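**Q** Let me give you the structure first, and then I'll get to my questions.
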Amino acid sequence: MKRICLPLLGSLLAFSANAQDIPTQLNGKLVALRGKSALPFAALDLPKAKYIALYYSAGWCGPCRQFTPDLVKFYNEMKPSHPEFEIVFMSEDQGASAMEKYMSEMAMPWPAMRYSAVKGSRLAKFAGRGIPCLVLLNEKGELLSHSYEGDKYLGPHKVMRDLKKLLTGDGSGIAASNLATPEPVAATTAKAPESSIKSPSGTNWDEAFKKKP
81 MKRICLPLLG SLLAFSANAQ DIPTQLNGKL VALRGKSALP FAALDLPKAK
131 YIALYYSAGW CGPCRQFTPD LVKFYNEMKP SHPEFEIVFM SEDQGASAME
181 KYMSEMAMPW PAMRYSAVKG SRLAKFAGRG IPCLVLLNEK GELLSHSYEG
231 DKYLGPHKVM RDLKKLLTGD GSGIAASNLA TPEPVAATTA KAPESSIKSP
281 SGTNWDEAFK KKP
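Using the numbering used here, read the sequence shown as starting at 81 and increasing by one per residue.
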């Protein structure tokens, strides 16, 4: 599930989801937290989203656990007045159970790509060398902001500030003095995912999606 080496930002700039827009690529592949369980998510509002932030993160990652509460606060404060953006969690956890546990512990209010769909997704190509990694795209899949600049890790707060500037048009939302400040990062490691795609609540996400009309 986890990756050791991924494309650099220069390659990412050249990558565009030109075959399908981002909402189309995510359609039928999302889950969202309902209580303590992650259940299939009907992405009815995604086609309206002008900005989509992909959040590569994992429960085993200490820096991710430090940053995620900041992102949750940002989302809860901005989403009611700015429905034109969405965040999608791209799990780097060791299995569906670990992913669901992490989502529950952090009270993630945004949807996630279901665990079994992340690895083969074209959107996985946007990930960086380490996590937490936040990547901001427009609805066409064009890269707007990234936690990495080449090999240099700028961190997810930089992307969060860029998103705020786009949403509000307020330049004070981005603090240039912080852009080069290193943030904690956990290198991704190559480990085999757990074989089961069932959540702790017993939901088999793939089977659930197969039954949908």
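For glycine and all other residues, C-beta sits at the position ideal for the given N, C-alpha and C.
Since we're looking at a predicted model, the values are computed, not measured.
DSSP on S108, reduced to helix/strand/coil?
**A** As a working mapping, residue 108 is identified with position 28 in the sequence shown. The amino acid occupying residue 108 in the given sequence is Gly; Ser does not appear at that position. G108: coil per DSSP, three-state reduction.
**Q** Would you decide whether A187 is buried or exposed? Buried here means 16 or more other CB atoms lie within 10 Å of its CB.
**A** Locating residue 187 in the sequence shown gives position 107, where the first residue counts as 1. Burial call: exposed.
**Q** Would you say Q174 touches the ligand GTP, meaning its beta carbon is less than 7 Å from a heavy atom?
**A** Looking for the ligand GTP in the displayed structure turns up nothing, as the structure carries no ligands at all.
**Q** Taking all protein chains shown into account, decide if K109 is buried (16 or more other Cβ within 10 angstroms of its Cβ) or exposed.
**A** As a first step, residue 109 must be located in the sequence shown, where it is residue number 29. Buried, by the Cβ-count rule.
**Q** Can you tell me whether H226 is helix, strand or coil according to DSSP?
**A** As a first step, residue 226 is located in the sequence shown; it is residue number 146 there, counting from the start. H226 falls in the strand class under three-state DSSP.
**Q** Sort K220, E219, L243, G221 by Cα distance to S227 and report the nearest one.
**A** Translated into positions along the sequence shown, residue 227 becomes position 147. For the residues K220, E219, L243, G221, the minimum Cα distance to S227 belongs to L243.
**Q** Whose CA, out of D101, S137, V152, W140, lies closest to the CA of W190?
**A** The count along the sequence shown starts at 1 and reaches residue 190 at position 110. Residue V152 is the option with its Cα nearest to W190.
**Q** Within 8 Å, do at least three Cβ pairs link the region 130 to 142 to the region 209 to 216?
**A** Enough Cβ pairs lie closer than 8 Å, so yes.
**Q** Compute the beta-carbon to beta-carbon distance between L224 and Q105, rounded to the nearest angstrom, for a pair I have assumed lies under 8 Å.
**A** If you number the sequence shown from 1, residue 224 lands on position 144. If you number the sequence shown from 1, residue 105 lands on position 25. Not quite, the Cβ-Cβ distance comes to about 17 Å (not below 8 Å), so this is no contact.
**Q** How would you call S171, buried or exposed, if buried means at least 16 neighbouring beta carbons within 10 angstroms?
**A** Numbered from its first residue, the sequence shown carries residue 171 at position 91. S171 should be labelled buried.
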